[in-house]
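Using the working numbering, read the sequence shown as starting at 12 and increasing by one per residue.
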Amino acid sequence: KKTVYEITPEGERLFLDLLQEAPQEGSSEDARFRVRLAFFRYLPPETRVRLLERRRDLLEDRLSAMDESLRGARDRVDDYTLALMEHGRRATTTDIEWLDGLIQAERSRGVATPGGRRRRSAALRRKETTS
Numbered sequence: 012k013k014t015v016y017e018i019t020p021e022g023e024r025l026f027l028d029l030l031q032e033a034p035q036e037g038s039s040e041d042a043r044f045r046v047r048l049a050f051f052r053y054l055p056p057e058t059r060v061r062l063l064e065r066r067r068d069l070l071e072d073r074l075s076a077m078d079e080s081l082r083g084a085r086d087r088v089d090d091y092t093l094a095l096m097e098h099g100r101r102a103t104t105t106d107i108e109w110l111d112g113l114i115q116a117e118r119s120r121g122v123a124t125p126g127g128r129r130r131r132s133a134a135l136r137r138k139e140t141t142s
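In structure tokens, the structure reads:
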């Protein structure tokens, strides 16, 4: 004898609502994004692109704040604190580039881009100007 459980239509709606919930700043949002990403296959492609772009925008804002902190901190903090700040900046830049790749992959599968054009992230624009 076996008990079979199924998600109800209301539970399915709640699940999709939670996946599409607006991001919030902070480390708990980082973990929430990773959980959402694990269930992206249940979302329509347009929603996936929108959530990935929203995450990228949040990280680009975070990166700008890090750049500002680094400019002001170079003469005031020790080498280890500076190294930690620079590590955080590099990790955030890598995450933005990773998100750009996911967005590009979604779009190459036929997801329409708003306005018919491809967006370039601020991180990549900065990288191109420094190269």
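Yeah, the Cβ is synthetic: ideal placement off N, Cα and C, and Gly gets one too. Keep in mind it's a predicted model, so treat the numbers as computed, not measured.
Would residue i pass as a contact of residue j if the rule is Cβ separation under 8 Å?
i, j, result
"R100", "L74", "yes"
"Y53", "L27", "yes"
"R45", "L110", "no"
"L63", "L30", "no"
"E71", "L81", "no"
"E117", "P56", "yes"
"T105", "M77", "no"
Mapping the DSSP letters down to three states, classify residue i as helix, strand or coil.
i, result
"D86", "coil"
"G99", "helix"
"Y91", "helix"
"G112", "helix"
"R129", "Below a pLDDT of 50, predicted positions are generally treated as unreliable, and R129, at 42, falls in that range; the measurement from the model is reported next regardless. Three-state result, R129: coil."
"E17", "coil"
"R118", "helix"
"A33", "coil"
Provide the residue span of the alpha helix (DSSP H) that contains residue i, from first to last.
i, result
"P55", "Neither: P55 is in no alpha helix (DSSP H) and is coded neither H nor E."
"R24", "20 to 30"
Return the chain-ordered list of same chain residues with a C-beta closer than 7 Å to the C-beta of residue i, the five sequence neighbours on each side being excluded.
i, result
"T58", "Q31"
"Y16", "none"
Excluding the five sequence neighbours on either side, which residues of its own chain have a C-beta within less than 8 Å of the C-beta of residue i, listed in chain order?
i, result
"A84", "T92, L93, M96"
"T14", "none"
The ligand MN and residue i: does any heavy atom of the ligand fall closer than 7 Å to the residue's C-beta?
i, result
"I18", "The model on display carries no ligand, and the ligand MN is accordingly not part of it."
Who are the near neighbours of residue i in its chain, counting only those whose CB is closer than 6 Å to its CB and skipping five residues on each side?
i, result
"G127", "Reliability fails at G127, whose pLDDT of 43 lies under 50, so the model's placement of it is uncertain and the value that follows must be treated cautiously. There are no such residues."
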